[in-house]
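Numbering (my numbering), first residue to last: 474 to 783.
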């Protein structure tokens, strides 16, 4: 195995063929490498209810001379992460608030530019076709990716229906919600560092059921690519304690627009139906207001117009 490969690449390469115990170790490392870096093999095994020898074999199985060498790389990743936090202080030290926002927005624009230059047009077209043809589309995004999953689900539901947003805090509930997924369905998995093993497991389950799998992630080195039919890559790097999700949101926006252009009549019918619903129920709900003025404010349900003075 190429010694230059980092631990994420090594895990990705071996993951599909790992035993249940080794997959549990891989899952923990991907989501909690900062904790694993300071655990002995025995402590990591205890944490995951596997033997110390299983942990040692895992390290050897992904190409390390032993557990200490793997642990050293994990420690290096933690140090790199800490250095990233230090770089934030160096980059923004002494800057005004307006300069900070200009720098952050410039970074977001760089990510969008990079994504535009590298996005695979064929993979994008395939993703659009999969989303149109699937009987049911499941969308999963955990932690910081949850807003992206909700945004995509909201607009997919307006366009075509048959959308299931997997929104839960446990892997068992994710798989319960995917119980009926089959070869006529599609699953969209959204994940960026740190990668979510719940999302990865959902994609593995979908792949085992012969569903079409689409990923929205950061690179070919992402573990999300292990079980996907097509991958949409979006840059998320930024000198910050969090990654930028502006480019991924732009990719999702592009998917929504492309889907609308593929079946404009369906979208038009859906919007007209929604408009009728809004018109019928807006009087009692008043959930959205275009603008606020005195007349609209005091005409809300439960509000009484104040008597005029004098």
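Glycine included, each C-beta is placed from N, C-alpha and C at the ideal position.
Predicted model only: the values in this text are computed from it and were never measured.
- The DSSP-derived three-state label of residue 665 is coil.
- The Cβ neighbour count for residue 539, taken over all protein chains shown within 10 Å, is under 16; the residue is labelled exposed.
- Assignment of alpha helix (DSSP H) within the stretch 675–741, counting only whole runs of 4 or more residues, yields 719–735 in chain order.
- At a Cβ-Cβ threshold of 8 Å, residue 669 and residue 504 count as neighbours.
- Sequence-distant partners of residue 673 (beyond 5 residues in either direction) whose C-beta falls short of 6 Å from its own C-beta, in its chain, are 696.
- Inter-segment contact for the stretch 736–749 and the stretch 638–645 is absent: fewer than three beta-carbon pairs are separated by less than 8 Å.
- Between residue 705 and residue 597, the C-beta spacing is below 8 Å.
- Runs of beta strand (DSSP E) with 3 or more residues, each lying fully within the stretch 571–649, are found at 610–614, 636–639, listed in chain order.
- According to the DSSP secondary-structure assignment, residue 659 is paired through a beta bridge with 610, 685.
- In the three-state DSSP reduction, residue 528 falls in the helix class (H, G or I).
- Three or more Cβ pairs closer than 8 Å define a contact, and the stretch 520–536 meets that threshold against the stretch 477–487.
- Look at residue 537 here: in three-state DSSP terms it is coil, with no helix or strand label.
- A straight line joining the alpha-carbon of residue 577 with that of residue 719 spans about 11 Å.
- Fewer than three beta-carbon pairs drawn from the stretch 582–592 and the stretch 604–614 are found closer than 8 Å, and the two stretches are therefore not classed as touching.
- Going by DSSP, residue 505 is part of the alpha helix (DSSP H) stretching over 493–509.
- Distance between residue 736 and residue 698, taken at the CA atoms: about 28 Å.
- CA-CA distance, residue 619 to residue 541, rounds to 35 Å.
- Under the DSSP assignment, residue 517 falls in the alpha helix (DSSP H) whose first and last residues are 514–521.
- Secondary structure note for residue 483: its alpha helix (DSSP H) is the uninterrupted segment 480–487.
- For residue 661, the closest C-alpha among the options 694, 631, 599, 708 is that of 599.
- Residue 605 and residue 733 have their C-alpha atoms roughly 10 Å apart.
- Its Cα nearest to that of residue 622, the residue 724 stands out among 724, 681, 513, 582.
- Closest by C-alpha distance to residue 687, out of 728, 708, 652, is 728.
- With a 10 Å radius around the Cβ and a threshold of 16 neighbouring Cβ atoms, residue 582 comes out exposed.
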